[in-house]
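Residue numbers (our numbering): 770 to 1011.
For glycine and all other residues, C-beta sits at the position ideal for the given N, C-alpha and C.
The structure displayed is predicted, hence computed values, not measured ones.
Report on one structure; see the data block that follows.
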Ligand code: ZN
């Protein structure tokens, strides 16, 4: 089974559509690692699309939790707060119901899916080997998929030590070590100085992970953010992937 792994769409419709077009015919099912909304201008359309994907599994991120009042908005910085406040007022009843139902962690096909980390599904950022190392003992199965950092990354554990693996966008990684934490990066708001939308393809039969990037109409998303009067910092950062 080939899985299209997407995370941190953040209501960026044009990025989501570009990813789905780019990945077409290379996956069987879709797993979405949370933060479908927040920051971006198209929360309802993005939720509609994800909800119609083949055999999708979707988990909740911190922004999704906050959008349906499962979490206090005051825990967010002022810019995220402003965008979440706008999102709350924009969600349709269908969108609200969708977000309210999804869990923060799912275990399926021997893979753990969570937004932040197994230790703290909604808030922890797995940014380095120290943090990854603390999480490996709590991973169910061989593989754990995370989002939240908006930076593609791969951490492995061979049973003795934890390593970070350099990612190539062309060569799939063979998942030969004992355990892995895989982060596909962000569809809708990349933060690795690369503005291209990011996603991953996990092949559970071949046991490979491929990181991919694709360009999208950044300007169209930015124009819509301007119309919706979303914070300028959020509009600018999309141009630079920061
Ligand atoms: Zn996010």
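Item to check | Range of the contiguous alpha helix (DSSP H) that encloses residue 1004 | outcome: Position 235 of the chain shown, counted from the start, is the residue given in the question as residue 1004. Counting along the chain, the unbroken alpha helix (DSSP H) around residue 1004 starts and ends at 1001-1009.
Item to check | Cβ-heavy atom distance, residue 986 to ligand 1, below 6 Å | outcome: Counted from its first residue, the chain shown places residue 986 at position 217. Checking the 6 Å criterion, the Cβ of residue 986 is out of range of every heavy atom belonging to ligand 1.
Checklist entry - Buried or exposed: where does residue 937 fall if 16 or more other Cβ atoms within 10 Å of its Cβ makes it buried? => result For the purposes of this step, residue 937 is taken as residue 168 along the chain shown, with counting starting at 1. So residue 937 ends up on the exposed side.
Checklist entry - Whole-angstrom Cβ separation of residue 812 and residue 864, contact assumed at under 8 Å? => result For this step, residue 812 is matched to residue 43 along the chain shown. For this step, residue 864 is matched to residue 95 along the chain shown. Contact between residue 812 and residue 864 holds: their C-beta atoms lie close to 6 Å from each other, under 8 Å.
Checklist entry - If you run the structure through DSSP and keep just helix, strand and coil, what is residue 788? => result For the purposes of this step, residue 788 is identified with residue 19 of the chain shown, where counting begins at 1. Residue 788: helix per DSSP, three-state reduction.
Next on the checklist: Check for me: the alpha helix (DSSP H) holding residue 852 runs from which residue to which?
Outcome noted: Counted from its first residue, the chain shown places residue 852 at position 83. It spans 847-859 - the alpha helix (DSSP H) in which residue 852 sits, taken as one unbroken run.
Next on the checklist: Rounding to the nearest angstrom, what Cα-Cα distance links residue 855 and residue 975 in this structure?
Outcome noted: By one-based count along the chain shown, residue 855 stands at place 86. By one-based count along the chain shown, residue 975 stands at place 206. Near 43 Å, if we compare the C-alpha coordinates of residue 975 and residue 855.
Item to check | For residue 815, the nearest candidate out of 828, 791, 894, 783 (CA to CA) | outcome: Within the chain shown, numbered from 1, the residue matching residue 815 stands at position 46. When only C-alpha atoms are compared, the closest one is 783.
Checklist entry - Helix, strand or coil: which one does DSSP assign to residue 926? => result Sequence index remark: in the chain shown, residue 926 carries index 157 (1-based). The DSSP-derived three-state label of residue 926 is strand.
Item to check | Residues with C-beta closer than 5 Å to any heavy atom of ligand 1, in chain order | outcome: Those residues are 777, 804, given in chain order.
Next on the checklist: Taking 8 Å as the cut-off, does the stretch 844-854 touch the stretch 866-883 (at least 3 CB pairs, one atom from each stretch)?
Outcome noted: In short, these stretches do not touch, since the Cβ pair count stays below three.
Item to check | Proximity winner among 806, 953, 1001, 1002, relative to residue 860 (alpha-carbon distances) | outcome: Sequence index remark: in the chain shown, residue 860 carries index 91 (1-based). The option with the nearest alpha carbon to residue 860 is 806.
Next on the checklist: Taking 6 Å as the cut-off, is the C-beta of residue 1010 nearer than that to any heavy atom in ligand 3?
Outcome noted: Questions concerning ligand 3 fall outside what the structure shown contains, since the ligands it does hold are ligand 1.
Item to check | Same chain, Cβ closer than 7 Å to residue 964, neighbours up to 5 away in sequence not counted | outcome: Residue 964 sits at position 195 when you count from the first residue of the chain shown. Within its own chain, the residues whose Cβ lies closer than 7 Å to the Cβ of residue 964, once the five positions on either side in sequence are excluded, are 987, 1007, 1008, 1009, 1010, listed in chain order.
Checklist entry - Hey, residue 802 and residue 916 are a contact pair by Cβ (cut 8 Å); roughly how many whole angstroms apart? => result Your numbering for residue 802 matches position 33 in the chain shown. Your numbering for residue 916 matches position 147 in the chain shown. Rounded, the Cβ-Cβ distance is 4 Å, consistent with contact.
Item to check | Cα-Cα separation, residue 946 to residue 995 | outcome: Here residue 946 refers to the residue found at position 177 of the chain shown. Here residue 995 refers to the residue found at position 226 of the chain shown. Between residue 946 and residue 995, the alpha-carbon positions lie close to 46 Å from each other.
Item to check | Neighbourhood of residue 922 by C-beta, 6 Å cutoff - its chain only, sequence neighbours within 5 removed | outcome: Stepping through the chain shown from its first residue, residue 922 is reached at position 153. Only 952 meet the Cβ criterion.
Item to check | Outcome for residue 808 when other beta-carbon atoms lying within 10 angstroms are tallied against a minimum of 16 | outcome: In the chain shown, counting from the first residue as 1, residue 808 sits at position 39. It counts as buried.
Checklist entry - Between the C-alpha atoms of residue 842 and residue 985, what's the straight-line distance to the nearest angstrom? => result As a working mapping, residue 842 is identified with position 73 in the chain shown. As a working mapping, residue 985 is identified with position 216 in the chain shown. Approximately 30 Å between the Cα atoms of the pair.
Checklist entry - So residue 924 packs on residue 970, CB below 8 Å; how close in whole Å? => result Walking along the chain shown from the start, residue 924 turns up at place 155. Walking along the chain shown from the start, residue 970 turns up at place 201. Between residue 970 and residue 924 the Cβ distance is about 18 Å, and since that is not below 8 Å, they are no contact.
Next on the checklist: Just to check my reading of the structure: residue 926 and residue 948 have Cβ atoms closer than 8 Å, yes? What is that Cβ distance to the nearest angstrom?
Outcome noted: As a first step, residue 926 is located in the chain shown; it is residue number 157 there, counting from the start. As a first step, residue 948 is located in the chain shown; it is residue number 179 there, counting from the start. Rounded, the Cβ-Cβ distance is 5 Å, consistent with contact.
Item to check | Pairwise C-alpha distance: residue 966 and residue 787 | outcome: Numbered from its first residue, the chain shown carries residue 787 at position 18. Numbered from its first residue, the chain shown carries residue 966 at position 197. Cα-Cα distance, rounded: 8 Å.
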